[in-house]
Amino acid sequence: MSAIGLGCMGMSYGYGPASDKKEMISLIHATIERGITSFDTSKVYDLYVNERLVDEAFAPFNGKRVIVTKNATPPQISLAWLLHKKLVTAPIIGATKMSHLEDAVAALSIKLTLKEMTFLEELYVPHPIIGFK
1 MSAIGLGCMG MSYGYGPASD KKEMISLIHA TIERGITSFD TSKVYDLYVN ERLVDEAFAP
61 FNGKRVIVTK NATPPQISLA WLLHKKLVTA PIIGATKMSH LEDAVAALSI KLTLKEMTFL
121 EELYVPHPII GFK
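Using UniProt numbering, read the sequence shown as starting at 1 and increasing by one per residue.
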């Protein structure tokens with residue numbers, strides 16, 4: 001499994017109208033070509049439309065999938081921070097544009113020091129979990 005995965009929900013469901021099918025297939029191809037092999041999809045994303053889109057995009061790549069101050073943007077630093085955490089196995093990115101994919105993949109090359117990790121975490125205040133049982 002790759003270090004990060006591509007969240008595919010926004011390609012066909014959830015964030016407004018579905019994105020252009022040809023653009024999303026090109027984005028999935030670019031994702032695979034950059035070494036990302038984990039893709040998050042679900043049958044509930046517009047009643048299998050999302051899964052069919054991902055399946056169609058994978059057709060040319062038979063068997064190469066797993067279905068799941070640093071000159072960087074805040075989302076890139078966030079991904080880099082997640083990648084440095086021991087318990088996180090593979091953050092799932094949501095991308096519907098090539099620029100989203102490029103930004104997320106750039107986080108793979110960011111190396112954070114212990115001092116930087118501490119700085120990023122120092123303002124975090126844990127909150128109790130609230131919800132229904």
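Glycine included, every Cβ here is placed at the ideal spot set by N, Cα and C.
Computed from a predicted model, the values in this text were never measured in an experiment.
Contacting residues, own chain, Cβ-Cβ under 8 Å from Asp103 (five flanking each side not counted): Around Asp103: Thr73, Pro75, Gln76.
Going by the CB atoms, is the gap between Cys8 and Thr41 shorter than 9 Å? Yes; because the gap between Cβ atoms is below 9 Å, this pair is in contact.
Between the C-alpha atoms of Ile4 and Glu33, what's the straight-line distance to the nearest angstrom? Roughly 14 Å separates the two Cα atoms.
By the 10 Å Cβ neighbour count, where 16 or more other Cβ atoms means buried, how is Phe132 classified, buried or exposed? That one is exposed.
Does the distance from the CB of Gly14 to the CB of Tyr45 come in under 9 Å? Taking C-beta atoms as the reference points, Gly14 and Tyr45 count as a pair closer than 9 Å.
Contact between the stretch 92 to 101 and the stretch 16 to 34 is defined here as three or more beta-carbon pairs at a separation below 8 Å; is this criterion met? Contact between the stretch 92 to 101 and the stretch 16 to 34 is present, with at least three C-beta pairs closer than 8 Å.
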